[in-house]
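**Student:** Numbering (my numbering), first residue to last: 32 to 218.
My structure is below; once you've seen it, I'll send some questions.
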Ligand code: GAR
């Protein structure tokens, strides 16, 4: 199978990056991870790029033209698919207009509920009975693009932010690869 050249954007722990790297070793998985972009030089997730000899680039988002730099790097590596996996910066309208290929994001709630930050505390505050994760296309609206896959679980009485996070992330590790497979099945 001819795999798409993909880039994973991260900011932190990188457990989704680790999972995608593992899944992408499968001959039938539609993407190959050729590059990791990170806005945080201390991100723990960079170790997965290093361990797997995947080139990684740390982008200083304090400089004004940093998105142009990202676009140039994506061109250099011939990237035609982007996975945002815990990347905590918002891509600008200009970036999205310049980079016309597919960008998807994973979010730790059942969108359209609880867009943005502090998802788990909002879920507890609102006494939700169920939650989950969503993989969606990225557009100009925060966490607002077309939904590709959602996975749900029911909350237990003793759940707290930490347990919800663990349960949500366990679902993310199947949701993200499934969403990627679904995209290429449709095309
Ligand atoms: C994931 O749970 C992802 O849903 C969330 O960050 C975590 C990254 O974990 N993303 C967002 O909150 C985006 N708004 P990881 O670094 O271990 O993959």
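We treat Cβ as the ideally placed atom computed from N, Cα and C, and that holds for glycine.
What's the gap between the Cα of residue 199 and the Cα of residue 109?
**Tutor:** Straight-line Cα distance between these residues: approximately 32 Å.
**Student:** With a threshold of 6 Å, establish whether the CB of residue 139 neighbours any heavy atom of the ligand GAR.
**Tutor:** yes
**Student:** Leaving out the 5 sequence neighbours to the left and right, which residues in its chain are closer than 8 Å to residue 160 when beta-carbon positions are compared?
**Tutor:** 185, 186
**Student:** For residue 54, which of helix, strand or coil comes out of DSSP?
**Tutor:** helix
**Student:** Specify whether the segment 126-138 and the segment 83-92 touch according to this definition: at least 3 beta carbon pairs, one from each stretch, less than 8 Å apart.
**Tutor:** no
**Student:** Can we count residue 163 as close to the ligand GAR, meaning its CB is less than 6 Å from some heavy atom?
**Tutor:** no
**Student:** Do the CB positions of residue 155 and residue 162 come within less than 7 Å of each other?
**Tutor:** no
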